[in-house]
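The opening position of the sequence shown corresponds to residue 25 in the numbering used here, with each subsequent residue numbered one higher.
Here's the structure we're looking at; comments come further down.
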Amino acid sequence: MPPPRRPARNLPETLFHWENGLKLTEADLAVDFRRRQPRAFISHAHADHIARHEYALCTPETSALYQFRLGPRRTLDMPYREPIQWGGLRLTTYPAGHCLGSAMLLAEDAHQSLLYTGDFKLAPSATAEQAELPKADILVIESTYGTPQYRLPPRRQTLDRLFTLVRQTLEDGATPLIVAYVLGKAQEVTRLLTAEGIPVLQHPKVFEVSQVYEACGVSLGRYARLQGQVTPGWALVVPPGTPPLEPATREVRIGVTGWA
Ligand SMILES: [Zn+2]
């Protein structure tokens with residue numbers, strides 16, 4: 025689908041407006057809408073940022089994950105840092121560090137610029153390109169952890185606790201069951217564990233998303249699809265809501281939550 029023709033009337037004075045969601049006014053482009061739109065930018069493929077749009081602009085990796093989740097869709101690939109002209113605006117994606125393919129969107133017209141962050145993480149990630157923050161006149165920011173109650177410990181400290189707990193559990197002959205959202209967090213924790221020499225069995229729902237990661241060139245190390253039996257010495261990564269393992273298996277359930 026081509027971008028909309030420039031309206032004959034005077035150009036809008038604002039770059040964006042609110043229409044029960046963020047819209048780039050001149051380009052008539054919906055940003056991360058959860059309801060179907062003729063044209064939408066998708067920052068990443070989490071369920072709270074996507075819909076069955078008629079035409080979607082997103083990074084190639086987000087396109088792969090989006091279409092894995094919702095079936096074949098019409099998309100325009102926007103690789104990081106490669107500007108396109110769209111409906112009177114210059115649009116560029118930058119890594120957001122949140123999950124594979126996650127992007128911030130920089131929109132510029134002749135007068136001003138706007139940066140929409142989507143979900144983002146500034147710290148390094150094992151499975152997503154590290155966030156970059158281009159300068160802009162207007163900043164539209166996701167603020168999931170934007171209140172003072174979220175003072176999180178350093179990532180290194182949290183990871184050390186996780187690795188210690190997983191190793192202790194395995195040494196005790198039990199199974200560490202790590203509960204993680206199927207897209208993003210599950211692949212991140214898998215990569216972190218396998219890099220520590222801890223092999224991972226993934227629940228089938230996690231494993232199928234991991235295949236999209238692998239197809240996009242993100243290797244997750246030594247992991248396999250869980251089928252029936254739990255293998256001693258391996259950690260499990262499963263989605264939230266997974267019932268307890270069979271009674272004969274001693275499990276230690278570990279939740280990895282949040283994205284900060
Ligand atoms: Zn997200």
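Ideal Cβ positions, reconstructed from N, Cα and C, are used throughout, including at glycine.
Rounded to the nearest angstrom, how far is the Cβ of residue i from that of residue j, given a contact under 8 Å?
{"i": "PRO228", "j": "TRP258", "result": "Actually they do not touch by this definition, with Cβ atoms about 15 Å apart."}
{"i": "ALA152", "j": "SER126", "result": "6 Å"}
{"i": "ALA71", "j": "THR86", "result": "Not really, about 13 Å apart at Cβ, beyond 8 Å."}
{"i": "ARG63", "j": "ALA75", "result": "Between ALA75 and ARG63 the Cβ distance is about 12 Å, and since that is not below 8 Å, they are no contact."}
{"i": "LEU124", "j": "ILE202", "result": "Not confirmed; about 19 Å, so no contact."}
{"i": "GLY112", "j": "ALA51", "result": "6 Å"}
{"i": "SER67", "j": "GLY142", "result": "3 Å"}
{"i": "ASP56", "j": "HIS73", "result": "5 Å"}
{"i": "THR199", "j": "THR266", "result": "Contact doesn't hold; Cβ gap of about 12 Å is too wide."}
{"i": "PRO178", "j": "ALA155", "result": "The Cβ separation is near 17 Å, so there is no contact."}
{"i": "LEU225", "j": "VAL190", "result": "In fact, because the Cβ distance is near 13 Å, the residues do not count as touching under 8 Å."}
{"i": "GLY241", "j": "ALA219", "result": "Contact flag wrong, Cβ pair sits at about 17 Å."}
Where do the N-terminal and C-terminal ends of the beta strand (DSSP E) with residue i fall, by residue?
{"i": "THR151", "result": "First-last for THR151: undefined, no H or E at that position."}
{"i": "ALA54", "result": "53 to 55"}
{"i": "THR117", "result": "113 to 119"}
{"i": "ILE162", "result": "162 to 164"}
State the start and end residues of the unbroken alpha helix (DSSP H) segment that holds residue i.
{"i": "SER234", "result": "228 to 239"}
{"i": "LEU216", "result": "209 to 219"}
By DSSP's criteria, residue i is part of a beta bridge. Which residues make up the other side?
{"i": "VAL261", "result": "ILE202, GLN226"}
{"i": "SER243", "result": "Its beta-bridge partners do not exist; DSSP assigns none."}
{"i": "SER311", "result": "One cannot answer for residue 311 here, as it falls past the ends of the chain, which runs 25 to 284."}
{"i": "LEU186", "result": "LEU186 pairs with nothing; no bridge assigned."}
{"i": "GLU275", "result": "THR199"}
{"i": "PRO267", "result": "None, per the DSSP bridge assignment."}
{"i": "PHE40", "result": "LEU48"}
{"i": "ALA127", "result": "PRO119"}
{"i": "PHE65", "result": "VAL55, LEU81"}
{"i": "GLN109", "result": "ARG114"}
{"i": "ARG249", "result": "GLN226"}
Which whole runs of the alpha helix (DSSP H) in the region 71 to 107 are 4 residues long or more, in chain order? If only complete runs of 4 or more residues are kept, the region 71 to 107 shows the alpha helix (DSSP H) at 84 to 94, in order along the chain.
Around ligand 1, Cβ to any heavy atom closer than 5 Å, ordered along the chain: Counting every residue whose Cβ lies closer than 5 Å to a heavy atom of ligand 1, we get HIS70, ASP143.
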